[in-house]
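Chemist: Residue numbers (the working numbering), protein chains in the order written: chain A, 34 to 297; chain B, 34 to 297; chain C, 34 to 297; chain D, 34 to 297; chain E, 34 to 297.
All residues carry an ideal CB built from backbone N, CA and C; glycine is no exception.
Dropping the structure in here first, questions after.
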Amino acid sequence: MPSMRYVAIVMALIALGLDGIVLPGASAMERDKLLSDPGVYGTFAAFQIDDEWRRLDQKTRQAHLSALKGVVERHKDKLAIDTYLLRGLSDHADFLFRLHSTDLKDNQQFLVDVLATPFGQYLSSQTIFNGMSKKANYVPGFPDQMKADLKVPSDSGTYVAVIPIRKDADWWMLPQDKRQAMMQEHTEAALPYHKTVKRKLYHSTGLDDFDFITYFETARPEDLHSLILALSKVKEAHHNKRFGHPTLVGTIRSLDQLIEVFGQ
Amino acid sequence: MPSMRYVAIVMALIALGLDGIVLPGASAMERDKLLSDPGVYGTFAAFQIDDEWRRLDQKTRQAHLSALKGVVERHKDKLAIDTYLLRGLSDHADFLFRLHSTDLKDNQQFLVDVLATPFGQYLSSQTIFNGMSKKANYVPGFPDQMKADLKVPSDSGTYVAVIPIRKDADWWMLPQDKRQAMMQEHTEAALPYHKTVKRKLYHSTGLDDFDFITYFETARPEDLHSLILALSKVKEAHHNKRFGHPTLVGTIRSLDQLIEVFGQ
Amino acid sequence: MPSMRYVAIVMALIALGLDGIVLPGASAMERDKLLSDPGVYGTFAAFQIDDEWRRLDQKTRQAHLSALKGVVERHKDKLAIDTYLLRGLSDHADFLFRLHSTDLKDNQQFLVDVLATPFGQYLSSQTIFNGMSKKANYVPGFPDQMKADLKVPSDSGTYVAVIPIRKDADWWMLPQDKRQAMMQEHTEAALPYHKTVKRKLYHSTGLDDFDFITYFETARPEDLHSLILALSKVKEAHHNKRFGHPTLVGTIRSLDQLIEVFGQ
Amino acid sequence: MPSMRYVAIVMALIALGLDGIVLPGASAMERDKLLSDPGVYGTFAAFQIDDEWRRLDQKTRQAHLSALKGVVERHKDKLAIDTYLLRGLSDHADFLFRLHSTDLKDNQQFLVDVLATPFGQYLSSQTIFNGMSKKANYVPGFPDQMKADLKVPSDSGTYVAVIPIRKDADWWMLPQDKRQAMMQEHTEAALPYHKTVKRKLYHSTGLDDFDFITYFETARPEDLHSLILALSKVKEAHHNKRFGHPTLVGTIRSLDQLIEVFGQ
Amino acid sequence: MPSMRYVAIVMALIALGLDGIVLPGASAMERDKLLSDPGVYGTFAAFQIDDEWRRLDQKTRQAHLSALKGVVERHKDKLAIDTYLLRGLSDHADFLFRLHSTDLKDNQQFLVDVLATPFGQYLSSQTIFNGMSKKANYVPGFPDQMKADLKVPSDSGTYVAVIPIRKDADWWMLPQDKRQAMMQEHTEAALPYHKTVKRKLYHSTGLDDFDFITYFETARPEDLHSLILALSKVKEAHHNKRFGHPTLVGTIRSLDQLIEVFGQ
């Protein structure tokens, strides 16, 4: 019974004097800025938990996980920290951190500190993507109606997909107006899903092996499917040299929920 | 002597108070709907069992496997759970779960709970595919005779193959009528094997690194071979950017049969 | 001194009451049929032995290997079982089973039973190919002289290579007569090596990630080299999308010889 | 509290009689020559630290790391040794050595000696690149203004990226003047970032699987991103057969700082 | 201090009664023939040493390594055995054996016997290439001056690179005279480095996944670089479907020198 396990864990944390911690992340206002401003660095770090972790007794695992909470607490003024459960929907990875900060070093330091915890001893780093938010390249040139449509807020949801993209050399050599036209077609194809699939774009050229890290949140995986399918049918898709590989799919979970899963 | 081993295991389960469990899966009716309705999520999860598992004594292994049965039991109202033995026909994987539910989260939660069992401590997640069933795209445009032929029920069988497919960018940019024509040619090529090879299609664009997960059941592997060969000879096959890699091949086994194999 | 080690092993087997076992494989006649008939399933399974195996004391290893002999014995009525030593000529693999049966399930069950032995606890499954024998596609259309030449029996030898092949989409879309002409050119190029290199072809489309598994036996690796080189120079080779990767190279060894190597 | 941990480590080192060591690298003058002269060999070696390391007690880890300092000390007259933290920004690697010497053997011997330390027992070698510095191929043919602009010193910074590049066969077959023109366009695109991104080029054809190892230092990752993006938009980029895979991203850390991180 | 370690090891070997062994390889004359005759089989086997090896005490490691010397001794009449240190210049591999014999089986048996030693328990086989020497294909058609230039003996040196090559289908389908012309251009490009870079070519089509294994020895890595660069600029390079991946780079070390490195 998860609920009972959860009570047990919370009581253990209280015993450890960690009750009352509000987790995760920076204050609401700072968090909003980090998630909306340009020039913010995003790091996606997917970890796999070693078998040996699962062979520790529950008490030890819970103590180790409470130390993890301490690390998140220590960093939450500088970082927006989001946590996801990948286990069961992505292979070779159990959970994902998405980190936002104005200084890429702070993302690194958080992960270094996580790996220095007793829990960290059981983690292997499977996939790391680095990217940054930038002012929209093409939106300024879009028709007013499209601009307005894009201003409508998107709904979030439990499901998350992270898809890295590498464009081909031809793409980058196209004149701006050609890319502008293609991105307008791309955006028209995406608009029907704008309300039910929340998207965020990270530019990663030079910061990892990809050009873009595309991030999606939705309550309706079928709409995520339809969106990516629609985007496969526009000319710009011809210039995707690599799309996914890996595609990370999972669900949004609070740190406490992850602790419940891995503390079992 | 398998039969004797089996008796031993069943007796152990009885001792554990787990006799009388009817496994696996949802009620027959719900199961049929999950396997035939559009908008259902399918997750394929192939696992490899660590060496250390095989070094546990038989009693411990059987106790661990009985806990696995409990997890399947707990989830069988929400999920249709199918189990397959890959060991011996696919490399780097021992068994496969195929899960169907109306909510992708339920597939994930089942696998999370499986990995939280003592048996789960010895599993590594090798391949996970996610897809969804959809109304047929092209069938409505087929000639009536072909529609009728497709209505004839297919026979199942022991053998199973799961082949993921990624289409190229040209495919998605073709006008609907061109794809319609190619898919009619594709279907004509497949019809001779319609009776002896049971097929199910999952759409996975945006849900993993592929566009389709194709699933096959047959009593005649030679017909599976002839079917895939016939499908290699139609124009649509030119648009398969990736076909297989991995191809999962195995046999249908009940959970009890898997438990017999891995409890040995 | 291998010979002395061998005596020690045989004596251990006698002590275990396993003397007098004639191994491996089905009766000579059944074996010949399985190796020559169409519609027979061939499975190639290459295994790597874990480091821990080599750290067991010799006595334990010999006892474990004798249990392996028991499994081969149990299956030899249904299967033709061939064994090969890959260690030293192929990386990441130590030995290979080639299995033939009229029912693919029987190949799987044999490997499942091997992995259930104490020796099996130390094996990891590196590469598995599945294929089937079929009536010759193109030979009936060859000139009589070529047909006659192909009837001359080939010599076997110690050396073995297994090369999987994936054809490109164009190949399968070629009309039969075009493929017939190319395969005649292919066969002409191969004929000079027909006597000294024994070949067997397995069709694997739909049964694994390849279209063909090509198997070669020879006493003269230089002729194997010359044969593959000659086959690289004909038009049909243009349609090999993948050739090898992996190429398995090794030597024919009886089960007793493998036991001697791994029991050391 | 890192600072306190650091004190603890330094005290441990003092206790071990290793205080007063000035690390890392050759004398300032020799270092400058090694980093600026042509004909110098650069080796990049990225290591991952095994889980077991993290399970050692802190005292043992610190003693092991002090031995590492001894090795660096022993080699610092022959080598320029730079150290970087990859953990948290690159997957499957924890730290990176960049070594410069006039004799490639000296780079090898240093790494051999590192792996022979107690710390080395816990390292696995993930990525090694070898390259050499050469006189500029194309700069002599550039306009005087561009030559002058390139003479302006670049600022360093905390962030580092190492991107290996493989050119296609067409590139090498182009006449020198065509490559000269393309490299001038390449350099024009790079100039705006010349001040804030420090670059160094290593030629690696024949010394590893790449043609060039490109190395970047900056305080502004956004400028590194803009630079690589600008370089993606020139014709020469069409001839990059492989770019990255892996891209190593990290931060400059002194050996003492790495010891603090891994001694935690 | 290596020298002292070396003394310690030699004394240990004397204590083990292994002093006075002259290692490695066949008699000088036989060795010369094996390295120059056509029809000789070359096997390259690169091994990685497990972490656990490095955790053994020095005495045990030295005893284990002395057993390795015994194996080399036993085989040296049939084989020419060369040893190389890859650690520090190639990733995922520590050392390399290059074996020559007139019977490929003998190369295999040597490696099987190495893996059967106590040291062998700690080795994993990372890369194995098999090839054979053949009479020069194209040299007979070269101009007399070029033939004469090629007769000048090349200098050896400490550095070694092994680069496997796969040609494309077009290459093999070219008429002999076209390939002859391209290989003459190839050889012209290589001649300037003929004196300082010693080369040996192995034909591996059908014996592994490549067509050629190219082997280089030099005292001047910069010349190795210049040679491979020059070979990249001729038309024949257009037909390299794969070049390297992996490229093995290391230094020549006697068995005693390897034992010193790994016995540390």
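Measuring only between beta-carbons, confirm whether histidine 219/E sits less than 8 Å from chain H.
Modeler: Looking at the structure shown, chain H is missing, and the protein chains on hand are A, B, C, D and E.
Chemist: Taking all protein chains shown into account, decide if histidine 278/B is buried (16 or more other Cβ within 10 angstroms of its Cβ) or exposed.
Modeler: Indexing the second sequence from 1 puts residue 278/B at position 245. The residue in question, histidine 278/B, is exposed, as its Cβ has fewer than 16 Cβ neighbours within 10 Å.
Chemist: For arginine 131/A, which residues in the same chain have their Cβ closer than 6 Å to its Cβ, ignoring the five residues on either side in sequence?
Modeler: Within the first sequence, the letter at position 98 stands for residue 131/A. The answer, listed in chain order, is Phe77, Asp115.
Chemist: When the Cα atoms are used, what is the spatial distance from lysine 66/C to glycine 190/C?
Modeler: As a first step, residue 66/C is located in the third sequence; it is residue number 33 there, counting from the start. As a first step, residue 190/C is located in the third sequence; it is residue number 157 there, counting from the start. About 20 Å.
Chemist: Taking 8 Å as the CB-CB limit, is serine 265/E close to chain D?
Modeler: By 1-based counting over the fifth sequence, the position of residue 265/E is 232. Chain D contact via Cβ: present.
Chemist: Does any C-beta atom of chain C lie closer than 8 Å to the C-beta of proline 57/E?
Modeler: Looking up residue 57/E in the fifth sequence gives position 24. In this prediction, proline 57/E has a pLDDT of 43, which is less than 50 and means its spatial position is unreliable; nothing more can be read from the coordinates.
Chemist: Does any residue of chain D bring its CB to less than 8 Å from the CB of methionine 216/A?
Modeler: In the first sequence, counting from the first residue as 1, residue 216/A sits at position 183. By this cut-off, methionine 216/A is not an interface position.
Chemist: Do threonine 247/C and lysine 231/C have their C-beta atoms closer together than 8 Å?
Modeler: For the purposes of this step, residue 247/C is taken as residue 214 along the third sequence, with counting starting at 1. For the purposes of this step, residue 231/C is taken as residue 198 along the third sequence, with counting starting at 1. No, the Cβ-Cβ distance between threonine 247/C and lysine 231/C is not below 8 Å.
Chemist: By Cβ distance, which residues of its chain are closer than 6 Å to glycine 58/C, with the 5 residues on each side in sequence left out?
Modeler: Taking the first residue of the third sequence as position 1, residue 58/C is located at position 25. Any reading at glycine 58/C must be qualified, since the residue scores a pLDDT of 47, below 50, and its modelled position is unreliable; no value is offered.
Chemist: Do glutamate 221/A and lysine 268/A have their beta-carbon atoms positioned less than 8 Å apart in this structure?
Modeler: Numbered from 1 along the first sequence, position 235 holds the residue referred to as residue 268/A. Numbered from 1 along the first sequence, position 188 holds the residue referred to as residue 221/A. Contact flag unset, no.
Chemist: Is the Cβ of histidine 97/B closer than 8 Å to any Cβ of chain A?
Modeler: Taking the second sequence and counting its residues from 1, one reaches residue 97/B at position 64. Chain A, which has no Cβ nearer than 8 Å to the Cβ of histidine 97/B, makes this no.
Chemist: Please check if any C-beta of chain E sits within less than 8 Å of the C-beta of glutamine 209/D.
Modeler: Start at 1 with the first residue of the fourth sequence, and residue 209/D comes out as number 176. Glutamine 209/D does not count as touching chain E.
Chemist: Just to check my reading of the structure: serine 123/E and leucine 257/E have Cβ atoms closer than 8 Å, yes? What is that Cβ distance to the nearest angstrom?
Modeler: Sequence index remark: in the fifth sequence, residue 123/E carries index 90 (1-based). Sequence index remark: in the fifth sequence, residue 257/E carries index 224 (1-based). That belief does not hold up - the Cβ atoms of serine 123/E and leucine 257/E are roughly 14 Å apart, past 8 Å.
Chemist: DSSP puts alanine 78/E in a beta bridge; with which residues?
Modeler: For the purposes of this step, residue 78/E is taken as residue 45 along the fifth sequence, with counting starting at 1. Phe130/E, Ile161/E.
Chemist: Per DSSP, what kind of secondary structure is valine 172/D in: helix, strand or coil?
Modeler: Looking up residue 172/D in the fourth sequence gives position 139. Looking at valine 172/D - three-state DSSP - the assignment turns out to be helix.
Chemist: Whose C-beta lies closer than 6 Å to the C-beta of glutamine 159/A among residues of the same chain, with five residues either side of it excluded?
Modeler: Sequence index remark: in the first sequence, residue 159/A carries index 126 (1-based). Taken in chain order, the residues that qualify are Ala79, Gln81, His125, Ala126.
Chemist: Of all Cβ atoms in chain E, is any one closer than 8 Å to the Cβ of valine 193/C?
Modeler: Residue mapping note: residue 193/C aligns to position 160 of the third sequence, counting from 1. No, its Cβ sits nowhere closer than 8 Å to a Cβ of chain E.
Chemist: Is it true that the CB of methionine 179/C sits closer than 8 Å to the CB of tyrosine 235/C?
Modeler: As a position in the third sequence, residue 235/C is number 202, starting the count at 1. As a position in the third sequence, residue 179/C is number 146, starting the count at 1. Not in contact: tyrosine 235/C and methionine 179/C (Cβ atoms no closer than 8 Å).
Chemist: Please report the distance separating the alpha-carbon of valine 195/E from that of glycine 103/C.
Modeler: One-based indexing of the fifth sequence puts residue 195/E at position 162. One-based indexing of the third sequence puts residue 103/C at position 70. Near 44 Å, if we compare the C-alpha coordinates of glycine 103/C and valine 195/E.
Chemist: Under the rule that 16 or more other beta-carbon atoms within 10 Å means buried, what is glutamate 85/D, buried or exposed?
Modeler: Along the fourth sequence, read from residue 1 onward, the residue named residue 85/D stands at position 52. The residue in question, glutamate 85/D, is exposed, as its Cβ has fewer than 16 Cβ neighbours within 10 Å.
Chemist: Please report the Cβ distance between asparagine 163/E and leucine 240/E, rounded to the nearest whole angstrom; I am assuming they are in contact, meaning their Cβ atoms lie under 8 Å.
Modeler: Position 130 of the fifth sequence holds residue 163/E. Position 207 of the fifth sequence holds residue 240/E. Indeed they touch by this definition, with Cβ atoms about 4 Å apart.
Chemist: Is phenylalanine 276/A near isoleucine 198/A, with beta carbons less than 8 Å apart?
Modeler: One-based indexing of the first sequence puts residue 276/A at position 243. One-based indexing of the first sequence puts residue 198/A at position 165. Result yes, Cβ atoms of phenylalanine 276/A and isoleucine 198/A sit closer than 8 Å.
Chemist: Here's the rule I'm using: 16 or more other beta-carbon atoms within 10 Å means buried, otherwise exposed. How should threonine 93/C be labelled?
Modeler: Locating residue 93/C in the third sequence gives position 60, where the first residue counts as 1. It is exposed - the Cβ of threonine 93/C has fewer than 16 other Cβ atoms within 10 Å.
Chemist: Is the CB-CB distance between histidine 97/C and phenylalanine 143/C below 8 Å?
Modeler: For this step, residue 97/C is matched to residue 64 along the third sequence. For this step, residue 143/C is matched to residue 110 along the third sequence. Cβ distance not < 8 Å, so histidine 97/C and phenylalanine 143/C don't count as in contact.
Chemist: Give the secondary structure of glycine 283/C by DSSP, where H, G and I count as helix, E and B as strand, and everything else as coil.
Modeler: Sequence index remark: in the third sequence, residue 283/C carries index 250 (1-based). Strand.
Chemist: Start and end of the alpha helix (DSSP H) containing threonine 220/D?
Modeler: Counted from its first residue, the fourth sequence places residue 220/D at position 187. Segment 209–223, the alpha helix (DSSP H) holding threonine 220/D.
Chemist: Name, in chain order, the residues that DSSP records as bridge partners for arginine 232/C.
Modeler: Numbered from 1 along the third sequence, position 199 holds the residue referred to as residue 232/C. Answer is Phe249/C, bridged to arginine 232/C.
Chemist: Can you name the residues of chain D whose CB is closer than 8 Å to the CB of isoleucine 161/A?
Modeler: Taking the first residue of the first sequence as position 1, residue 161/A is located at position 128. Within chain D, the residues near isoleucine 161/A are Gly121, Leu122, Ser123, Asp124.
Chemist: Spatial neighbours of alanine 41/D within its chain, please: C-beta separation below 7 Å, excluding the five flanking residues on both sides.
Modeler: The residue you call residue 41/D lines up with position 8 of the fourth sequence. Any reading at alanine 41/D must be qualified, since the residue scores a pLDDT of 44, below 50, and its modelled position is unreliable; the value itself is stated next. None.
Chemist: The beta strand (DSSP E) that contains lysine 200/C, what's its start and end?
Modeler: On the third sequence, residue 200/C is found 167 positions in, with the first residue counted as 1. Per DSSP, lysine 200/C belongs to the beta strand (DSSP E) from 192–200.
Chemist: Mapping the DSSP letters down to three states, classify serine 123/C as helix, strand or coil.
Modeler: Reading the third sequence from its first residue, position 90 is the one you call residue 123/C. DSSP places serine 123/C in strand when its eight states are reduced to three.
Chemist: Of the choices Ser259/A, Lys111/A, Thr150/A, Leu119/A, whose alpha-carbon is the least far from that of lysine 167/B?
Modeler: Residue 167/B sits at position 134 when you count from the first residue of the second sequence. The residue with the shortest Cα to Cα distance from lysine 167/B is Ser259/A.
Chemist: Would threonine 280/E count as contacting chain C if we go by Cβ distances under 8 Å?
Modeler: Translated into the one-based positions of the fifth sequence, residue 280/E becomes position 247. So, not an interface residue.
Chemist: Using 8 Å as the limit for Cβ to Cβ distance, is aspartate 90/E near chain C?
Modeler: Mapped onto the fifth sequence, residue 90/E falls at position 57. Taking Cβ atoms only, chain C never reaches closer than 8 Å to aspartate 90/E, which makes this a no.
Chemist: With 16 other CB atoms within 10 Å as the buried threshold, where does valine 55/A fall?
Modeler: Position 22 of the first sequence, counting from 1, holds the residue named residue 55/A. Low per-residue confidence applies at valine 55/A: pLDDT is 37, beneath 50, and the placement is therefore not dependable, though the value from the model is reported in the following sentence. Looking at its Cβ environment, which holds fewer than 16 other Cβ atoms inside 10 Å, valine 55/A is exposed.
Chemist: What are the start and end residues of the beta strand (DSSP E) that includes threonine 93/D?
Modeler: As a working mapping, residue 93/D is identified with position 60 in the fourth sequence. Threonine 93/D -> not in any beta strand (DSSP E); alpha helix (DSSP H) instead, spanning 91–108.
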